[in-house]
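The numbering of the sequence shown is the numbering used here, which starts it at 64 and goes up by one.
Beta carbons are placed, not taken as given, at the ideal position from N, Cα and C, and that holds for glycine.
Written out below as structure tokens is the structure these notes cover.
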Amino acid sequence: MANKRLVVGVSGASGAALAHGLLDQMSRQTNWETHLVISSAASRTIELELQASAAELGDVASVVYDENDMAAAIASGTFQTEGMAVIPCSMKSLAGIAHGYTDNLLLRAADVTLKEQRKLVLVARETPLGRIHLDNMSRLAECNARIIPPMMTFYTRPRTIEDMVDHIVGKVLGEFGIKGRNFHRWRDDESGKQLDPRRGNDGTV
């Protein structure tokens, strides 16, 4: 059976750790491929936040494309994928997707995902949100895109940044039917028992 394919776009918003977390977890899925495109702005953010290069982040993906390669496989709807996640998604990229402004491969791949009616997940990162941001999100939601802002969750009792990253990544992976590492749902841990909000993920108080 051929592997399933997930397109991953990384834009220049803060949150490079989320992209790394998703790619790392996807690399452990034996029947999935990740097809990655990183914007030029994201390359700088990766350097600042991860002290790594875009090329090093790309090492975790199955296939990496140049953002200017508009003839890449993911630019065509005939290239079969399960969908796309833009993680993190800047307001500039979100605006481009909302209005069909496909001037780079990341935006084109997202446009293809929408037109082919595949799942598009946008981990939209900005605060506070202005009227234009909210209007663009509403427009995309009406097109069946999934908007998953990387919002803090406290019922899981996160103790590290990695805990918080794993939770957001788990939400994104769940959209594609993949169980995330250390992902806990409300009132339901891995044993089926209710989570105790007084305890950490490791069960300690």
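For residue 138, same chain residues with a beta-carbon under 7 Å away, outside a window of 5 residues either side, are 168, 171, 172 and 175 in chain order.
The stretch 224-243 makes contact with the stretch 180-198; the number of CB pairs closer than 8 Å reaches 3 or more. With a cut-off of 8 Å on Cβ pairs, the stretch 67-76 is in contact with the stretch 150-158, counting three or more such pairs. Take residue 221, set aside five residues on each side of it, and the residues of its chain with a beta-carbon closer than 6 Å to its own are 227, in chain order.
Going by beta carbons, residue 124 and residue 99 fall inside the 7 Å limit. Residue 96 counts as buried, since at least 16 other C-beta atoms from the protein chains shown sit within 10 angstroms of its C-beta.
For residue 101, the enclosing beta strand (DSSP E) covers residues 95-101. Relative to the Cα of residue 166, the nearest Cα in the group 111, 107 and 132 belongs to 132. In the displayed model, residue 150 falls within a strand according to three-state DSSP.
Only residues of its own chain outside the window of five on either side were considered, and among them 94, 95 and 96 have a CB closer than 7 Å to the CB of residue 66, listed in chain order.
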